[in-house]
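See below for the structure under consideration.
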Amino acid sequence: MHIKRLEIAGFKSFVDRTVIHFDHDIIGVVGPNGCGKSNIVDAIRWCMGEQSARHLRGRAMEDVIFNGSESRGPHGLAEVTITFDNSDPAYAETIPPEYQAYPEIAITRRLYRDGTSEYLINKTQVRLRDITELFLGTGVGTKAYSIVEQGRIGQIVSSRPEDRRLFIEEAAGITKYKQRRKQAERKMELTRQNLLRITDIVTEIDRTRASLKRQVAKAERYVQYRAELEDLVLHDASHKLLEHIVTEQVERGAHAEASAGVEQARATLSVSEAELDLARQEALSIEQRAEKASTSAFEADNEVTGLGAEIERARDRMSHLLERQKSAEAEQEEIARRLGAWRTPSVKTTPSPSCAPKRRAPTRRCKACAPRLARPARKPPPPRPGSKPTRTTLPSSKSGATS
Ligand code: ATP
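Per the working numbering, the very first residue in the sequence shown carries number 296; after that it's consecutive.
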């Protein structure tokens, strides 16, 4: 794989965005001591996934972020992007198939001051593992031989045979397979552990299966009883419903009857009320009549009392008149006797038997009596104030007296 371009921003001494193009076979970076030539190699190594701060000549990974200078403040983010040329099919075959179709492969690494790190392949966020796998067997990578910086030759020559073997294996292209074998072994180990766990679980499940069987039997019985109970409840409810329907029908009939009775009673009541009104009116008229009669009776009573008194007075007057009549008769007899004696014995004038004094008024009078009896009748006494005019006839039931 050929590096096409390197973009650095905020990484070590490269505070501003710097793009280095590798468009020739041989590229030389020249400059005075401390100008930042080794920082370019560090940027490539860091972008490829280097995890050791020491290998990047720092104490912590945070040291790769621009720390500030006399004229500028520190930066919050370090970002490096390496763009590989992938147009050559011979090289493209060596990378994972999902990236083989791309003419360029851009790998980006970002690091924020709060420690957040990001890896991107062709601007798509990926894991560090994806980047490591991309470079396996290509000779590119943090531990590969493609980057030979200052003092690296001496390090290779004087390194331990095991470390030197890594370079040889990488050059032979078997690192990838070794890595895959390691991954497969790790997976197998994981699977073995999973199997062990599954065996434990199966044993545990076997242990609980008997108890579960009992619980299942119980649950089945419970379900069966519950179904039976539901049937019974349903049956009972249907009976109750029927009862309620019948009761409702009966009560409806009774209610209709009662309503009819009530209507009838209402009609009877209204008739009775009308009759009562009539009776009341009648009673009222009777009462009025009774009151009238009572008033009339009272007046009649008053009249009777007045007439009684009048009768008494008339009786007194009559007895008085009778006495006067007697004395007048006596006087008349005396006069007659004296006249007789004076005329003696001339014609003796005697009253006829029909003219004899009687209690009742005579129908016919003799001539001797006529002048005396022809006297005008006495005037009745004047009526008392408030009293009624006297009647000529008294009620026979009271006194039986005659006028
Ligand atoms: P030499 O030829 O001596 O090896 P060089 O050209 O390779 O030097 P580098 O070692 O790449 O130079 O760069 C060192 C410079 O980078 C120093 O001036 C140092 O101040 C600067 N530097 C390193 N880390 C940071 C950082 N985090 N922030 C700012 N500047 C940094």
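Every residue gets a Cβ at the ideal spot worked out from N, C-alpha and C, and that includes glycine. This structure is a prediction, so every number in the text was calculated from the model and none was measured.
Can you look up residue i in the DSSP assignment and give me helix, strand or coil?
i, result
"Glu-444", "coil"
"Tyr-520", "helix"
"Gln-346", "coil"
"Phe-306", "strand"
"Val-421", "strand"
"Phe-462", "helix"
"Arg-405", "strand"
"Ile-390", "coil"
"Ile-630", "helix"
"Glu-365", "coil"
"Ala-592", "helix"
"Ile-321", "coil"
"His-539", "helix"
"Thr-411", "coil"
"Arg-352", "coil"
"Ala-505", "helix"
"Asp-380", "strand"
"Ala-373", "strand"
"Ile-469", "coil"
"Thr-563", "helix"
"Val-314", "strand"
"Cys-661", "In this prediction, Cys-661 scores a pLDDT of 46, lower than 50, which makes its location untrustworthy; the coordinate-derived value is nonetheless stated afterwards. Reduced to three states, the DSSP call for Cys-661 is coil."
"Arg-300", "strand"
Hey, is residue i close to the ligand ATP, as in C-beta under 6 Å from one of its heavy atoms?
i, result
"Gly-329", "yes"
"Ser-366", "no"
"Phe-361", "yes"
"Ser-347", "no"
"Lys-418", "no"
"Ser-412", "no"
"Asn-334", "yes"
"Ser-454", "no"
"Ser-441", "no"
"Lys-307", "yes"
How close, in whole Å, do the beta carbons of residue i and residue j come, if the pair is a contact with beta carbons under 8 Å?
i, j, result
"Leu-301", "Ala-338", "7 Å"
"Phe-361", "Pro-369", "6 Å"
"Arg-422", "Ser-412", "Actually they are not in contact, since the Cβ atoms of Arg-422 and Ser-412 sit about 11 Å apart, beyond 8 Å."
"Ile-442", "Ile-426", "15 Å between Cβ atoms; not a contact."
"Pro-398", "Asn-381", "6 Å"
"Thr-376", "Thr-419", "Actually they are not in contact, since the Cβ atoms of Thr-376 and Thr-419 sit about 13 Å apart, beyond 8 Å."
Taking its Cβ as the centre, do 16 or more other Cβ atoms sit within 10 Å of residue i, making it buried, or is it exposed?
i, result
"Thr-503", "exposed"
"Trp-637", "exposed"
"Arg-312", "exposed"
"Asp-320", "exposed"
"Asn-334", "buried"
"Arg-654", "Unreliable positioning characterises Arg-654 in this predicted model, as indicated by a pLDDT of 48, which lies under 50. The coordinate reading is nonetheless provided below. Exposed is the call here."
"Tyr-472", "exposed"
"Lys-674", "Since pLDDT at Lys-674 reaches only 48, below the 50 mark, its modelled position is unreliable, and no value is offered."
"Thr-470", "buried"
"Lys-435", "A small fix is needed here, since residue 435 is Val in this sequence, not Lys. Classification of Val-435: buried, given that the 10 Å Cβ count is 16 or more."
"Ala-588", "exposed"
"Ala-696", "With a pLDDT of only 36 at Ala-696, under the threshold of 50, the placement of this residue in the model should not be trusted; the figure read from the coordinates follows. That one is exposed."
"Glu-546", "exposed"
"Val-314", "exposed"
"Met-613", "exposed"
"Ile-606", "buried"
"Ile-540", "exposed"
"Glu-577", "exposed"
"Ile-496", "exposed"
"Leu-351", "buried"
"Ala-304", "buried"
From this set, the options, which residue's C-alpha is nearest residue i's C-alpha?
i, options, result
"Asn-328", "Glu-345, Gln-445 and Glu-399", "Gln-445"
"Glu-374", "Gly-601, Asp-458, Cys-342 and Ala-387", "Cys-342"
"Cys-330", "Val-310, Arg-612, Ser-347 and Ala-505", "Val-310"
"Phe-306", "Asp-318, Ala-467, Thr-419 and Met-356", "Met-356"
"Ala-385", "Gly-353, Thr-433, Gln-420 and Arg-424", "Thr-433"
"Gly-410", "Asp-358, Glu-570 and Thr-486", "Asp-358"
"Arg-424", "Glu-577, Glu-626, Gln-478 and Ala-401", "Gln-478"
"Ile-448", "Val-435, Phe-462, Gly-436 and Glu-457", "Phe-462"
"Ala-467", "Thr-389, Ile-581, Gln-627 and Ile-630", "Thr-389"
"Met-296", "Gly-363, Ile-400, Leu-491 and Gln-519", "Ile-400"
"Leu-431", "Gln-346, Arg-475 and Ala-396", "Arg-475"
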